[in-house]
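Enquirer: Its first residue numbered 39, the sequence shown is counted upward by one per residue in my numbering.
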Amino acid sequence: MLIAVIIALAAGTYGFRVAGVLLRDRLELPEWSRQLLPVAAAALLAALAATAALTEAGAFAGYARPAGVLVGLLLAWRRAPFVLVVVAAAGTTALLRLLGVA
């Protein structure tokens, strides 16, 4: 059963990608929608990141994880190396959890 679901999802993903290539010149989008697509993609990515940072199993994840994400965001904004961003974010979360912050 699981392999059938994986194959169906793979086929659907491939179909979407092929449809984009095949319909590229045939489908004319209005100018307003062409300008809105990059903003919509960024908003979707931000919503997914916020959900992952703030929730766990449908409930609030506690304060340690958002604090770690905030440290990572600040370091990324300051253009720190990627490894430093990841280690600092994980270290902040781990340290806060070690201190008993949920």
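Cβ coordinates follow ideal geometry from the N, Cα and C atoms, glycine included.
Using a Cβ distance threshold of 8 Å, determine whether the stretch 92-112 contacts the stretch 122-136, with at least three qualifying pairs required.
Expert: At 8 Å Cβ cutoff, the stretches touch.
Enquirer: How many whole angstroms separate the CB atoms of residue 130 and residue 106, which I take to be in contact at a CB cut-off of 8 Å?
Expert: Right, the Cβ-Cβ distance comes to about 4 Å (below 8 Å), so this counts as a contact.
Enquirer: In the DSSP output, which residue or residues are listed as bridge partners for residue 99?
Expert: None; residue 99 has no bridge partner.
Enquirer: How many Å lie between residue 132 and residue 75 at the Cα?
Expert: Approximately 37 Å, taken between the alpha carbons.
Enquirer: Count the other C-beta atoms from every protein chain shown that fall within 10 angstroms of the C-beta of residue 65, then say buried if there are 16 or more, exposed otherwise.
Expert: When all chains shown are included, residue 65 counts as exposed.
Enquirer: Tell whether a beta-carbon distance below 7 Å holds between residue 92 and residue 99.
Expert: In this structure, residue 99 lies closer than 7 Å to residue 92 by Cβ.
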